[in-house]
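Undergrad: Start counting the sequence shown at 992; every next residue gets the next number (the numbering used here).
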Amino acid sequence: MNLPIPKDSASGLALTSLFGLVFGILLKKGRVTDYNVIVNFVRLKDFTVFKIMLTAIVVGGIRLRSQL
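Structural data, given as structure tokens:
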């Protein structure tokens, strides 16, 4: 099931912009955009980025599996 977002209208643009804004705020609150977090992830000292990516993969997998 897909969200009924009109692609060629102002309401579709506003809705997708709202989703993008919320996504960016969540990434910021999760400290994923912090330079030190990214560097420490590469150095295998901070797994915040890994946990957020893994959570997104699991949630996406559950969502896809529920549609089949």
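Ideal Cβ positions, reconstructed from N, Cα and C, are used throughout, including at glycine.
Remember, it's a predicted structure, so these values are computed and weren't measured experimentally.
On the CB-based measure, 16 or more other CB atoms within 10 Å of its CB, does residue 1030 come out buried or exposed?
TA: Along the sequence shown, one-based indexing puts residue 1030 at 39. Exposed.
Undergrad: What do you reckon, are the CB atoms on residue 1039 and residue 1022 nearer than 9 Å?
TA: Along the sequence shown, one-based indexing puts residue 1039 at 48. Along the sequence shown, one-based indexing puts residue 1022 at 31. Yes; because the gap between Cβ atoms is below 9 Å, this pair is in contact.
Undergrad: Would you kindly report the start and end of the unbroken alpha helix (DSSP H) that includes residue 1036?
TA: As a working note, residue 1036 is residue 45 in the sequence shown. That residue, residue 1036, is in no alpha helix (DSSP H); it is neither H nor E in DSSP.
Undergrad: Between the C-alpha atoms of residue 1006 and residue 1033, what's the straight-line distance to the nearest angstrom?
TA: Residue numbering aside, residue 1006 sits at position 15 when the sequence shown is read from its first letter. Residue numbering aside, residue 1033 sits at position 42 when the sequence shown is read from its first letter. Approximately 34 Å between the Cα atoms of the pair.
Undergrad: Thinking just about the alpha-carbon of each residue, which of 1002, 1043, 1000 and 1001 is nearest to the one in residue 1014?
TA: Against the sequence shown, residue 1014 aligns to sequence position 23. That would be 1043, whose Cα lies nearest to the Cα of residue 1014.
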